[in-house]
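These notes are about the structure you will find just below.
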Amino acid sequence: MKFFVDTADINDIRELASTGLLDGVTTNPSLVAKSGHSSFIDLIAEICDVVKGPVSAEVASTDFETMLKEGKHLAKIAPNVAVKVPLTPAGLKVCHHLSQEGTMVNVTLCFSAAQAILAAKAGATFVSPFVGRLDDMGQDGLSLIEEIVTIYDNYPDFTTEVLVASIRNPIHVTQSAKMGAHVATMPPSVIRQLFNHVLTDKGLAQFVADWAKTGQTILDQP
Ligand code: E4P
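Using numbering that gives the first Met the number 0, read the sequence shown as starting at 0 and increasing by one per residue.
This is the structure in structure tokens:
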């Protein structure tokens, strides 16, 4: 499973990239607004420089012509830009055009299996089903992931990767991995949570204390 970070905060991106565990980045207009960065284009260029995997940059318009122009403009920033378009008829038309030209496209705001089929048929590189937002309204976000993975597996000519989005906790990540989703995009806080287990901390404290009793140091030994 590939791990993307879902943020436009360059400091978080730099720190997480340094772990060697980061495969890509997703941003959206809300995250860009939160970052306070004054130039979206410069921000995406900076992120693409730090992370060599796919970096999703979302169009801002909703009509076909302007979205297509924006998508082409964003794709010029770096070869690892994945243009993010909404799952609307116009967004899928843009997806079709850009993917024909060899540009990576992430179709976002997917909330049903039917929508995911359309994204695959439009040639999307990634489809982003939002699990957390479905959970928030009392539906089961993870069951949508299961449905999409099953459907895509039935059609080997569907090359679209399932990018699980709107992740709220580590269980969303592990369950999606069990289902065979290709990518999980997570807020930095969830990525950090993945490292934690109380028994790891407890076990390490014990090992450190017992090692001190030996009076030895590893690096002083030939
Ligand atoms: C995905 O690409 C979106 O940016 C993101 O996962 C949305 O998550 P949210 O529901 O926490 O805003």
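All C-beta atoms in this analysis are idealised placements derived from N, C-alpha and C, irrespective of residue type, glycine included.
Under a three-way DSSP split, which group does residue i fall into?
i    : result
A32  : helix
L162 : strand
D48  : helix
D134 : helix
G19  : coil
A183 : strand
T61  : coil
T173 : helix
If you follow the beta strand (DSSP E) that residue i is in, where does it begin and where does it stop?
i    : result
M103 : 103 to 109
P128 : 125 to 128
F2   : 1 to 5
V197 : From DSSP, V197 is part of no beta strand (DSSP E) but of the alpha helix (DSSP H) over 197 to 213.
P85  : 80 to 85
E57  : 54 to 57
Nearest CA to the CA of residue i: which residue from the options?
i    : options               : result
T124 : T102, P28, D152, A204 : T102
A222 : E64, L203, L30        : Past the boundaries of the shown model lies residue 222; the chain is included only from 0 to 221, so the question cannot be answered.
S98  : V58, G70, D62         : G70
N27  : L15, L117, A164       : A164
V148 : N168, A176, V24, S188 : A176
S111 : N105, Q138, V93, A121 : Q138
Exposed or buried, which one is residue i when buried takes at least 16 other CB atoms within 10 Å?
i    : result
M136 : exposed
K68  : exposed
I190 : buried
T213 : exposed
A113 : exposed
V197 : exposed
D5   : buried
I243 : The chain is shown from 0 up to 221; residue 243 falls before or after that span and cannot be answered.
P53  : buried
F194 : exposed
G90  : buried
V207 : exposed
Quick check: is any heavy atom of ligand 1 less than 6 Å from the C-beta of residue i?
i    : result
A164 : yes
R132 : yes
N27  : yes
D5   : yes
V60  : The sequence given here places Ser at residue 60; Val does not occur at that position. No, Cβ of S60 sits at least 6 Å from all heavy atoms of ligand 1.
S127 : yes
Would you mind reading off the limits of the alpha helix (DSSP H) that contains residue i?
i    : result
A113 : 112 to 120
S188 : 187 to 193
I150 : 140 to 153
K92  : 88 to 99
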